[in-house]
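Participant:
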Amino acid sequence: MTQQMPSNRLTYQVNPATSLRGDLHVPGDKSISHRAIMLASLATGETSITGFLAGADCLATLHAFRAMGVKIAGPHAGKVVVQGVGIHGLQAPKQALDLGNAGTAMRLLLGLLVAQRFDSELIGDASLSKRPMGRVLQPLTLMGAKIAANDDFPPLQVHGGQTLTGIEYTLPVASAQVKSAILLAGLYAKNTTTIHEPAATRDHTERMLTTFGCPVKRDGQSLTLQPADCLKAQALTVPGDISSAAFFLVGASIAPGSDITIQQVGLNPTRAGVVTLLQLMGADITIQNECLLGNEPVADIRVRAAQLHGITIPRAQIPLAIDEFPTLFIAAACAEGRTELRGARELRVKESDRLQVMATGLQRLGIDVELFDNGIIIHGCASQQTVFNGGQVDSHGDHRIAMAFAMASLRAKGAITISDCHNVATSFPNFVNLAQQVGLNIETAKDKQ
Ligand code: S3P
Numbered sequence: 283m284t285q286q287m288p289s290n291r292l293t294y295q296v297n298p299a300t301s302l303r304g305d306l307h308v309p310g311d312k313s314i315s316h317r318a319i320m321l322a323s324l325a326t327g328e329t330s331i332t333g334f335l336a337g338a339d340c341l342a343t344l345h346a347f348r349a350m351g352v353k354i355a356g357p358h359a360g361k362v363v364v365q366g367v368g369i370h371g372l373q374a375p376k377q378a379l380d381l382g383n384a385g386t387a388m389r390l391l392l393g394l395l396v397a398q399r400f401d402s403e404l405i406g407d408a409s410l411s412k413r414p415m416g417r418v419l420q421p422l423t424l425m426g427a428k429i430a431a432n433d434d435f436p437p438l439q440v441h442g443g444q445t446l447t448g449i450e451y452t453l454p455v456a457s458a459q460v461k462s463a464i465l466l467a468g469l470y471a472k473n474t475t476t477i478h479e480p481a482a483t484r485d486h487t488e489r490m491l492t493t494f495g496c497p498v499k500r501d502g503q504s505l506t507l508q509p510a511d512c513l514k515a516q517a518l519t520v521p522g523d524i525s526s527a528a529f530f531l532v533g534a535s536i537a538p539g540s541d542i543t544i545q546q547v548g549l550n551p552t553r554a555g556v557v558t559l560l561q562l563m564g565a566d567i568t569i570q571n572e573c574l575l576g577n578e579p580v581a582d583i584r585v586r587a588a589q590l591h592g593i594t595i596p597r598a599q600i601p602l603a604i605d606e607f608p609t610l611f612i613a614a615a616c617a618e619g620r621t622e623l624r625g626a627r628e629l630r631v632k633e634s635d636r637l638q639v640m641a642t643g644l645q646r647l648g649i650d651v652e653l654f655d656n657g658i659i660i661h662g663c664a665s666q667q668t669v670f671n672g673g674q675v676d677s678h679g680d681h682r683i684a685m686a687f688a689m690a691s692l693r694a695k696g697a698i699t700i701s702d703c704h705n706v707a708t709s710f711p712n713f714v715n716l717a718q719q720v721g722l723n724i725e726t727a728k729d730k731q
């Protein structure tokens, strides 16, 4: 059974605006918030999490652990307190665990659930039910997991009570979700788990496992984990999400006269591709007040408007900016010359087919693009003050596409109407308010259906 589409779908009506100015905090990091709930639940003792992202995706993870008997207080003003049940303390959920739109929750949880004594079922919304799970089913099955899927798609039925064996596994795709699912299953395996990554991907799971007392050893692109008996409860603080900050980095870069500072943003090198790529395009970005928040680097990011130029995206940067391409495409449309992305087929299996949906939306707004199976070329219109025509674009329920097109209003001739925006609540619940505060001319309305 999959969730019905919500009937209260949202439209953004975004009128042209001139610049972004001011200081802002973006909400907590989504990837880190998911992992914090998971490891806190398995730890022995009480873990407090400050800066938790109370977006629908991370709340789905939180509810899943409550359904497995973990006592979790909050979130209250970003604070969550988890009474960890210990690594073998989860209980069988009474019904299927519904993870909504959250691919990270489903893939990571699967890694944990295959190692439990009980059976479980994972379901999601219409978008999640179309996302490929074979990439996690394959290595977990090699470890001894028993999972039934709907032709590699959710719903997933997990048959618990299996003994898992550690594997040595080379990831066929650079995916932090797959890597993390294997590591979480590896906590319960009889022996060592070794993973070889084809390219660096976000390493929050490795960092957080180390924080909880279970070190993951890295040697170049290879990782090794020993099985664990116990995770130690912690006090965690989640940095601001660079993936949410990215919309404002692009907005301020493309809108003349802009000057914003985003405080306490996670700048883990495996997530900072958007900053590197914008700097390669000529963005005026200053990193200030760098420090460590627990095991994660953070900093304030100041961005002033700059004339961007098109680039060829270096392939090694793709996994480091994997969620930021919708907004980077908006930057590319405002740049001088063409921007070329290749080797990015993964973008077709995100919350939407991001290559197709972005190409269609950009064309609707008058941008010249060439679409390929694994990438796109965007012809920038830097010489025009107004780069985008007004018009209607469909975000296809993809939060990052909705927010990316909202930023296009900073260089648009007329109003941009963006439909199907309800899923912005999965990662950035206060996006509209924050965007209004720094200068975006954005209002919400119910979708006409
Ligand atoms: C995530 C990993 C990435 C990313 C997703 C979050 C994570 O997915 O796109 O939004 O938290 O591990 P892949 O592992 O599929 O690249």
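Be aware that the sequence shown starts at 283, since it is given in my numbering, and climbs by one per residue. The beta-carbon is built from N, C-alpha and C at its ideal position, and this holds for glycine as well.
Quick one: any contact between the stretch 516-533 and the stretch 344-354, if contact means 3 or more CB pairs under 8 Å?
Facilitator: Taking 8 Å as the limit for Cβ pairs, the verdict is that the stretch 344-354 does not touch the stretch 516-533.
Participant: Determine the DSSP secondary structure at ASN432, reduced to helix, strand or coil.
Facilitator: ASN432 falls in the strand class under three-state DSSP.
Participant: Can you grab the Cα-Cα spacing for the pair PHE607 / GLN570, in whole Å?
Facilitator: If you take the alpha carbons of PHE607 and GLN570, they lie about 24 Å apart.
Participant: Mapping DSSP to helix, strand and coil, what is PRO288?
Facilitator: Bear in mind that the predicted position of PRO288 carries a pLDDT of just 47, short of 50, making it too unreliable to give a figure here.
Participant: Quick one: using the 10 Å Cβ neighbour count with 16 as the cut-off for buried, is GLU450 buried or exposed?
Facilitator: Label assigned to GLU450: exposed.
Participant: For the ligand S3P, is there any heavy atom lying closer than 7 Å to the beta carbon of ALA458?
Facilitator: yes
Participant: Applying the criterion that 16 or more other CB atoms from any shown protein chain within 10 Å of the CB defines a buried residue, is GLN286 buried or exposed?
Facilitator: Confidence in GLN286 is poor, its pLDDT being 40 and thus under 50, which makes the residue's placement too unreliable to answer from.
Participant: Only counting the same chain, and skipping five residues up and downstream in sequence, which positions put a Cβ closer than 8 Å to that of ASN577?
Facilitator: ARG489, MET490, THR492 and THR493
Participant: So what does DSSP say about GLY393, is it helix, strand or coil?
Facilitator: helix
Participant: Among LYS376, ALA408 and GLY406, whose alpha-carbon lies nearest the alpha-carbon of ALA349?
Facilitator: LYS376
Participant: In its own chain, which residues sit with a C-beta less than 6 Å from the C-beta of GLU733, not counting the 5 before and 5 after it?
Facilitator: Because the chain is modelled from 283 through 731, residue 733 falls outside the range shown and cannot be assessed.
Participant: Hey, is HIS316 close to the ligand S3P, as in C-beta under 7 Å from one of its heavy atoms?
Facilitator: yes
Participant: So, using beta-carbon positions, are ALA615 and ILE649 closer together than 8 Å?
Facilitator: Yes. Within cutoff.
Participant: Consult DSSP for ASP339 and reduce its assignment to one of helix, strand or coil.
Facilitator: In the three-state scheme derived from DSSP, where H, G and I count as helix and E and B as strand, ASP339 is classed as helix.
Participant: Hey, does MET689 have any beta-carbon neighbour from chain C nearer than 8 Å?
Facilitator: The structure shown has no chain C; it contains just one protein chain.
Participant: Is it buried or exposed, GLN373, if we count other Cβ atoms within 10 angstroms and call 16 or more buried?
Facilitator: exposed
Participant: If you draw a straight line from the alpha carbon of MET320 to that of ALA463, how long is it in whole angstroms?
Facilitator: 12 Å
Participant: Might you give, ordered along the chain, the residues of its own chain that have their beta carbon closer than 8 Å to the beta carbon of VAL316, omitting 5 neighbours on each side?
Facilitator: The sequence given here has His at residue 316, not Val. Excluding sequence neighbours, HIS316 sits near ASP339, CYS340, THR343, ALA384, THR386, ALA387 and LEU390.
Participant: My guess is that MET685 and VAL706 are in contact by the Cβ rule of under 8 Å, so how many angstroms apart are they, rounded?
Facilitator: 6 Å
Participant: By alpha-carbon positions, which one of PRO357, LEU306 and GLN516 ends up nearest to GLY366?
Facilitator: Here the closest residue by C-alpha is GLN516.
Participant: Would the beta-carbon of ALA613 fall within 8 Å of that of MET563?
Facilitator: yes
Participant: Hey, is the stretch 614-631 in contact with the stretch 694-703, meaning 3+ C-beta pairs nearer than 8 Å?
Facilitator: no
Participant: Among LEU453, GLN398, ARG500 and THR506, whose alpha-carbon lies nearest the alpha-carbon of ASN473?
Facilitator: THR506
Participant: Give the C-beta separation of LEU306 and LEU716 to the nearest angstrom, bearing in mind that I take them to be a contact with Cβ-Cβ under 8 Å.
Facilitator: Confirmed, about 6 Å.
Participant: Excluding the 5 residues flanking LEU292 on each side, which residues of the same chain have their C-beta closer than 6 Å to its C-beta?
Facilitator: CYS703, HIS704 and THR726
Participant: Does the Cβ of PRO288 have 16 or more other Cβ atoms within 10 Å, making it buried, or fewer, making it exposed?
Facilitator: No answer about PRO288 holds up, because its pLDDT of 47 lies below 50 and its placement is not dependable.
Participant: Buried or exposed, going by whether 16 or more other CB atoms sit within 10 Å of the CB of ALA359?
Facilitator: exposed
Participant: Just the Cα atoms here: how many angstroms apart are THR445 and VAL363?
Facilitator: 31 Å
Participant: Output the distance between the C-alpha atoms of ILE660 and THR483, rounded to the nearest integer angstrom.
Facilitator: Answer to the nearest angstrom: the Cα atoms are 25 Å apart.
Participant: Suppose only complete runs of 4+ residues qualify. What are the alpha helix (DSSP H) ranges in the stretch 303-354, listed by chain order?
Facilitator: The qualifying runs are 312-324 and 338-349.
Participant: For SER457, which residues of its own chain have a beta-carbon under 7 Å away from its beta-carbon, when the five flanking residues on both sides are left out?
Facilitator: Cβ neighbours of SER457 beyond the five flanking positions: ARG417 and THR483.
Participant: Tell me, please, which residues DSSP counts as bridged to ARG620.
Facilitator: Answer by DSSP bridge pairing, in chain order: HIS661.
Participant: Should GLY406 and GLY442 be called a contact, given that it needs their Cβ atoms to be closer than 8 Å?
Facilitator: Taking the C-beta atoms as reference points, GLY442 is found no nearer than 8 Å to GLY406.
Participant: Apart from the five residues on each side of it in sequence, which residues of its chain come closer than 7 Å, Cβ to Cβ, to GLY672?
Facilitator: ALA694, LYS695, GLY696, ALA697 and ILE698
Participant: Given this structure, state the Cα-to-Cα distance separating ASN587 from ILE536, to the nearest angstrom.
Facilitator: As written in the sequence, residue 587 is Ala, which differs from the Asn given in the question. Going by the C-alpha atoms only, they are around 6 Å apart.
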